Amino acid sequence: MTSSQHTASRRTVLTALAAAATAGAPLLSQLATAAPAFATGDNDTYNSNTDLYKGIPYPTKEGEDFGRRYRRHEQFDGYLSKVAVYEKKTAILAIHGGQIERGTSELCLAIAGYDPADATDPTRAPLLPTVHDYWMFEGMRSSNNSQLHVTSVNCDDHVANVLTASHLNVLSLHGCQYSQLGIPDTMVWPSQSDPKLVVVGGLNKTLREALVHELETAGFPALDALSDEWRDRYNLADFAGAATKNICNRTLIGAGAQLEITEDMRRSLFGPEVTDFDWKSGRIATWNNPRFLAFRDACRRAVATVEAGQTIL
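In terms of mature numbering (1 follows the signal peptide of the UniProt record, and there is no 0), the sequence shown is residues -34 to -1, 1 to 279.
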């Protein structure tokens, strides 16, 4: 999209929103609901998380429109004569969680080692023995959640930035539509008739390759958007997470990874009914199934493989 096209597109959207606000809330809801969340910021309503929190240009309220959840595990060393081992090397993110890119919050919590249904209970033990720090921004509206999308390079949430900057690795989870990838219908794989695919991106090549290997081994079609085979093909550049300012790459080593998971893939990880995926209640009621767990475990194995080669002195 050219600069002039972008300006015209944004002007058209803002004009329509203003008209909708005058006409009443239902029209505004219909307009925003029709637009999917995009991998780039061209169609974002808010230029940053800060603007969204401040309600610029449209008012928002935390706890009603959106919510934030995070966990940073306590570790301390109060002894001069003992050697402590700092274990937290990886953070898991869902910056478009909740109803924005559905299923990413549940995957974030699960990969971090927690039960997606019980992560908010501070007295409850983690589901798995090895846990990771995590941060999530979640849409909470009954509709119009795509308006809350802030693209990865513009994510300026303080806690999210602190987490990424203090970890060697970040795995950021996203959702997309298969049709957005621009892969031709004539390709045998991935199949347009069964568009379940994970596009792996980010500047950490080791983590990308580990994720592709583990996902493929577990039966989930995946491709490395920055590999020689796929780089610059179709629309994959928009889903490759190659920008240094992408939140997944703001790590201690300046590189991380992200997953762009097609909606068909995300739906397949939950129950068979439409409502099992469409609403949070359905997702937290049906996530505990073999397919979801296999996806979770594949991601955790990839992270563990990379962490095994990283030493913190």
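Each residue gets a CB set at the ideal place from its N, CA and C atoms; glycine is no exception. On a predicted model such as this, the values are computed, not experimentally measured, just so you know.
Does the beta-carbon distance from residue i to residue j come in below 9 angstroms?
i	j	result
residue 341	G64	Since the first and last residues shown for the chain are -34 and 279, residue 341 lies out of range.
P23	T11	yes
L129	A57	yes
V119	K211	yes
R232	T70	yes
F236	D242	yes
L137	L173	yes
C265	E180	yes
A184	T271	no
D99	Y144	no
E226	G167	yes
L169	V178	no
R68	R249	yes
H115	N9	yes
R262	A76	yes
V165	A223	no
L259	L139	no
A126	I213	yes
Q41	K55	no
Y80	I149	no
Is residue i helix, strand or coil when you go by DSSP?
i	result
L192	coil
Y36	strand
H133	coil
F42	coil
V125	helix
L(-7)	With a pLDDT of 36 at L(-7), under the threshold of 50, the modelled position of this residue cannot be trusted; read the value that follows with caution. L(-7) falls in the helix class under three-state DSSP.
A83	coil
A223	strand
N170	coil
V240	coil
V51	coil
V119	helix
N111	helix
S159	coil
T277	coil
R233	helix
L93	coil
Which residues mark the beginning and the end of the beta strand (DSSP E) in which residue i is found?
i	result
T252	From DSSP, T252 is part of no beta strand (DSSP E) but of the alpha helix (DSSP H) over 246 to 252.
T56	56 to 64
V165	164 to 167
Opposite residue i in the DSSP bridges: which residues?
i	result
C142	T228
W101	Y36, L59
E30	E30 is not bridged to any residue.
Would you give the residue range spanned by the alpha helix (DSSP H) that residue i belongs to?
i	result
E72	70 to 77
F261	256 to 274
T152	Looking at the DSSP string, T152 is not in any alpha helix (DSSP H), and its letter there is neither H nor E.
D17	15 to 20
Distance cutoff 9 angstroms, beta carbons only. Does residue i sit that close to anything in chain D?
i	result
E40	Structure shown: chain D not included; a single protein chain is present.
Beta strand (DSSP E) runs contained entirely in the segment 174 to 219, provided each spans 3 or more residues: 188 to 190
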